[in-house]
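Asks: Just so you know, the protein sequences line up as chains A and B, in that order. For the first sequence, our numbering assigns the number 1 to the initial residue and increments by one for each residue that follows. For the second sequence, our numbering assigns the number 1 to the initial residue and increments by one for each residue that follows.
There are 2 protein chains.
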Amino acid sequence: MEHFADRLSAAIRARGNAVCVGLDPRWEALPQALRTRHADGKLEGAARAFEEFCGRIIDVVAPLVPVIKPQSAFFEACGPAGLVVLQRLLRRAREAGLLTILDGKRNDIASTAAAYADAAFAGTEIDGQRYPVWDADALTVNPYLGREAVEPFLESARKVQRGVFVLVRTSNPGAGQFQDLSCDGRPLYLEVATAVRSWTRENLGRCGYGDVGAVVGATHAEELATIRHSLHEAYFLLPGYGAQGGKAADTAPAFREDGLGALVSSSRAINFAFSPEDNDWERKVEAATRATISELAAATRMEALTRSSQ
Amino acid sequence: MEHFADRLSAAIRARGNAVCVGLDPRWEALPQALRTRHADGKLEGAARAFEEFCGRIIDVVAPLVPVIKPQSAFFEACGPAGLVVLQRLLRRAREAGLLTILDGKRNDIASTAAAYADAAFAGTEIDGQRYPVWDADALTVNPYLGREAVEPFLESARKVQRGVFVLVRTSNPGAGQFQDLSCDGRPLYLEVATAVRSWTRENLGRCGYGDVGAVVGATHAEELATIRHSLHEAYFLLPGYGAQGGKAADTAPAFREDGLGALVSSSRAINFAFSPEDNDWERKVEAATRATISELAAATRMEALTRSSQ
């Protein structure tokens, strides 16, 4: 398998866009027909409904975008049955040609972090054999515990050419409470960005980007530019586009001159681009995906992407 | 159900100690006989072995200590089968009279945080009904995303009288990279401690402690005293005792005059207090638990606990 960033760059070029579709299934927002069909089974029924719903979204978006990002929390909310479904959906997305980012924001001290990391990437080792668990292309990771607690994630990812996205500046309105605190004259999120820079430079792909990316909210255009300035070689994952208020023009500073370097993630605005009673909800999901692709092409460097792939 | 801190204080008084036994099952460290019995089943076999191993630890320690803390990562490492086992073990511990802290270090933006929180505490809501998922007494939470992202955890916990332990100063050697950064003249971890103080004061129990605690490594005695000074009403959860190098005397600053206010967590030193070929491993786990209780009684304010419960 090729370097994670090279696979990501190739997928973005092949689709001609850098849209990542989040999978954030919520029972109360599912199409009514689907809810009715699975209403008897409690958590297990909800998990089956999530499988059908997200599976159809994967089928709809796989020809259009390079990446999907399932949000672990919504599958965990259905208990073990939800995690069976998460595992199946990750496999289905891979088979449909999508790259997968598992959004788990995992973090722990070194030896425990390794257990999370192997579950995401290299597989859990039992008597010298490795067994894949989530088998994702990338995982989101929270940096609060420091470099030493992030490194087991890099180590496992690098065994099998996967990637890690470290939270730098998140998209929620209250993100700044700690992330913006001034640490010796510069905000905490820039300290984290500096750590990401040194990690990603350890393992650059042929495309010039490393295997450690940064999560930076699409809701903070000014910070995006600052972070890009100090973190040249990292892919940025920008959540918060669409429903959380991020706009296309705001994402521009995240992209580099080659049109690469960023993934713009939209979850709710695509997942729930319909009313529950709509019978043609898949067409609306497709239309919302195409609309997101067009908005971003107009506002960012997607024309550079076309040039750079020629 | 009573306030979380009151239940915790009562459990500590009833057992006469503040030891929390971590459940950190690792395949390669399990008793050999148990591994042999489950060696055919890959991840599913490992999950079954974890259930048997941790179940027997629960039976051994339930009469001795007030709290157990399963580490989510090791169960996730076995995939969905591991999470079935995690769910069963949490139930078994509760039925054995133990309080349960799920160590997941979860974190996300508000609406997604609510999904994690409901899975841990109030149950996932489907068509107006709540279905319990992990049903833990408390969950560890990472604060990097700020107050607004922690509040959904408090909200769900308070619906059902549960507790939240927020990472303040972790026990890993590299924890200081970000946590010790000086933010306007004081370390980041004290900024987080100040946030914990305001959360926990929102909902104090009759015992005088709130339902939001702080994770503070037992490996940092000097910081413990500083954090206790600015965070009077919070329970401290001290991981890193034993295998990670924390010593009994180092935990003293975490306890208040009433002998309450802290839980000392030991995982590996108790879970793996035997050699894999030992047939009497349960007796060794019991002896290690009793030894931990004695060490802490000698070095901390356990005599105050005895007085305060009279």
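Quick reminder that beta carbons are idealized off the backbone N, C-alpha and C, glycines included.
Which chain B residues are close to Glu148 of chain A, counting only those with a beta carbon under 9 Å from its beta carbon?
Replies: Reading the first sequence from its first residue, position 148 is the one you call residue 148 of chain A. Under the 9 Å cutoff, chain B gives Asn172, Pro173, Gly174, Ala175, Gln177.
Asks: Below 8 Å on the Cβ atoms is my contact criterion, and I expect Glu223 of chain A with Arg169 of chain A to pass it. Report the Cβ-Cβ distance as a whole number of Å.
Replies: Working through the first sequence from its first residue, we reach residue 223 of chain A at position 223. Working through the first sequence from its first residue, we reach residue 169 of chain A at position 169. Yes, they are in contact, since the Cβ atoms of Glu223 of chain A and Arg169 of chain A sit about 5 Å apart, within 8 Å.
Asks: At a Cβ cut of 7 Å, what residues of the region 76 to 93 of chain B count as close to chain A, listed as they run along the chain?
Replies: Taking 7 Å as the Cβ-Cβ cut-off against chain A, the residues of the region 76 to 93 of chain B that qualify are Glu76, Ala77, Cys78, Gly79, Pro80, Leu83, Val84, Gln87.
Asks: Confirm, please, whether the CB-CB distance from Val192 of chain B to Glu202 of chain B is below 9 Å.
Replies: Mapped onto the second sequence, residue 202 of chain B falls at position 202. Mapped onto the second sequence, residue 192 of chain B falls at position 192. Contact: no.
Asks: Using three-state DSSP, classify Ile109 of chain A as helix, strand or coil.
Replies: By one-based count along the first sequence, residue 109 of chain A stands at place 109. Coil, per DSSP.
Asks: Measuring CB to CB, does Thr292 of chain B end up less than 9 Å from Tyr241 of chain B?
Replies: Residue numbering aside, residue 292 of chain B sits at position 292 when the second sequence is read from its first letter. Residue numbering aside, residue 241 of chain B sits at position 241 when the second sequence is read from its first letter. Taking 9 Å as the Cβ cut-off, Thr292 of chain B and Tyr241 of chain B qualify as a contacting pair.
Asks: Write down the C-beta distance between Ala254 of chain B and Val216 of chain B rounded to the nearest angstrom, noting that I regard them as a contact closer than 8 Å.
Replies: Sequence index remark: in the second sequence, residue 254 of chain B carries index 254 (1-based). Sequence index remark: in the second sequence, residue 216 of chain B carries index 216 (1-based). Rounded, the Cβ-Cβ distance is 7 Å, consistent with contact.
Asks: Would you say Val192 of chain B lies against chain A (beta-carbon separation less than 9 Å)?
Replies: For the purposes of this step, residue 192 of chain B is taken as residue 192 along the second sequence, with counting starting at 1. It does: the Cβ of Val192 of chain B has a partner Cβ on chain A nearer than 9 Å.
Asks: How many Å lie between Gln179 of chain A and Ile109 of chain A at the Cα?
Replies: What you label residue 179 of chain A is simply residue 179 of the first sequence in a count that begins at 1. What you label residue 109 of chain A is simply residue 109 of the first sequence in a count that begins at 1. Distance between the alpha carbons of Gln179 of chain A and Ile109 of chain A: 21 Å.
Asks: Please go through the same chain and pick out, in chain order, the residues whose beta-carbon is closer than 7 Å to the beta-carbon of Glu51 of chain B, but skip the five residues on each side of it.
Replies: Position 51 of the second sequence, counted from the first residue, corresponds to residue 51 of chain B. If we look at Glu51 of chain B and ignore the five residues flanking it on each side, its Cβ neighbours are Val85, Arg88, Leu89.
Asks: DSSP state of Gln357 of chain A, grouped into three classes?
Replies: Residue numbering for chain A in the displayed model covers 1 to 310; residue 357 of chain A lies beyond these limits and cannot be assessed.
Asks: Have a look at Glu44 of chain B and Thr124 of chain A and give me their C-alpha separation to the nearest angstrom.
Replies: As a first step, residue 44 of chain B must be located in the second sequence, where it is residue number 44. As a first step, residue 124 of chain A must be located in the first sequence, where it is residue number 124. When rounded, the distance between both Cα atoms is 12 Å.
Asks: At which residue ranges does the region 5 to 45 of chain A contain complete alpha helix (DSSP H) runs of 4 or more residues, listed in the order of the chain?
Replies: Here the runs fully enclosed are 32 to 37.
Asks: Chain B beta carbons: is any one of them nearer than 9 Å to that of Asn107 of chain A?
Replies: Taking the first residue of the first sequence as 1, we reach residue 107 of chain A at position 107. Yes, contact with chain B.
Asks: CB-CB under 8 Å to Val61 of chain B, same chain, minus the five flanking residues each way: which ones, in chain order?
Replies: On the second sequence, position 61 is the one that residue 61 of chain B refers to. Counting only Cβ-Cβ distances below 8 Å, and skipping sequence neighbours, we find Val21, Ile68, Leu98, Ile270, Val285, Glu286, Thr289.
Asks: When you compare the CB positions of Gln66 of chain B and Leu263 of chain B, do they come within less than 9 Å of one another, or not?
Replies: Locating residue 66 of chain B in the second sequence gives position 66, where the first residue counts as 1. Locating residue 263 of chain B in the second sequence gives position 263, where the first residue counts as 1. Going by the sequence as given, residue 66 of chain B is Pro instead of Gln. Yes, the Cβ-Cβ distance between Pro66 of chain B and Leu263 of chain B is below 9 Å.
Asks: Does Leu224 of chain A come within less than 9 Å of chain B when only Cβ atoms are used?
Replies: Position 224 of the first sequence, counting from 1, holds the residue named residue 224 of chain A. So, not an interface residue.
Asks: I want to see whether chain A comes within less than 9 Å of Thr124 of chain B, judged by CB atoms only; does it?
Replies: Taking the first residue of the second sequence as position 1, residue 124 of chain B is located at position 124. Yes, contact with chain A.
Asks: For the putative contact between Gly385 of chain A and Ala175 of chain B, defined by C-beta atoms under 8 Å, what is the C-beta separation to the nearest angstrom?
Replies: This structure gives no information on residue 385 of chain A, because the portion of chain A shown stretches from 1 to 310.
Asks: Which full runs of the beta strand (DSSP E) of 3+ residues lie inside the region 208 to 238 of chain B, going along the chain?
Replies: Correct list: 212 to 216, 236 to 238.
Asks: Report the three-state DSSP secondary structure of Tyr116 of chain B (helix, strand or coil).
Replies: The residue you call residue 116 of chain B lines up with position 116 of the second sequence. Helix, per DSSP.
Asks: Rounded to the nearest angstrom, how far is the Cβ of Cys207 of chain A from that of Leu154 of chain A, given a contact under 8 Å?
Replies: Here residue 207 of chain A refers to the residue found at position 207 of the first sequence. Here residue 154 of chain A refers to the residue found at position 154 of the first sequence. Contact flag wrong, Cβ pair sits at about 18 Å.
Asks: Please report the distance separating the alpha-carbon of Asp103 of chain A from that of Tyr189 of chain A.
Replies: Mapped onto the first sequence, residue 103 of chain A falls at position 103. Mapped onto the first sequence, residue 189 of chain A falls at position 189. Going by the C-alpha atoms only, they are around 19 Å apart.
Asks: If we ignore side chains and look at the alpha-carbon of each, how far apart do Arg37 of chain A and Val196 of chain A end up?
Replies: Here the question's residue 37 of chain A lines up with position 37 in the first sequence. Here the question's residue 196 of chain A lines up with position 196 in the first sequence. Going by the C-alpha atoms only, they are around 46 Å apart.
Asks: What residue from A:Arg92, A:Glu151, A:Glu303, A:Thr219 has the CA that sits closest to Glu257 of chain A's CA?
Replies: Position 257 of the first sequence, counting from 1, holds the residue named residue 257 of chain A. The shortest Cα separation from Glu257 of chain A among A:Arg92, A:Glu151, A:Glu303, A:Thr219 belongs to A:Glu303.
Asks: Starting from Ala157 of chain B, trace the alpha helix (DSSP H) in both directions and tell me its first and last residue.
Replies: For the purposes of this step, residue 157 of chain B is identified with residue 157 of the second sequence, where counting begins at 1. 147 to 159 is the extent of the alpha helix (DSSP H) around Ala157 of chain B.
Asks: Is it buried or exposed for Ala120 of chain B, if we count other Cβ within 10 angstroms and need 16 for buried?
Replies: As a position in the second sequence, residue 120 of chain B is number 120, starting the count at 1. With 16 or more other Cβ atoms within 10 Å, it is buried.
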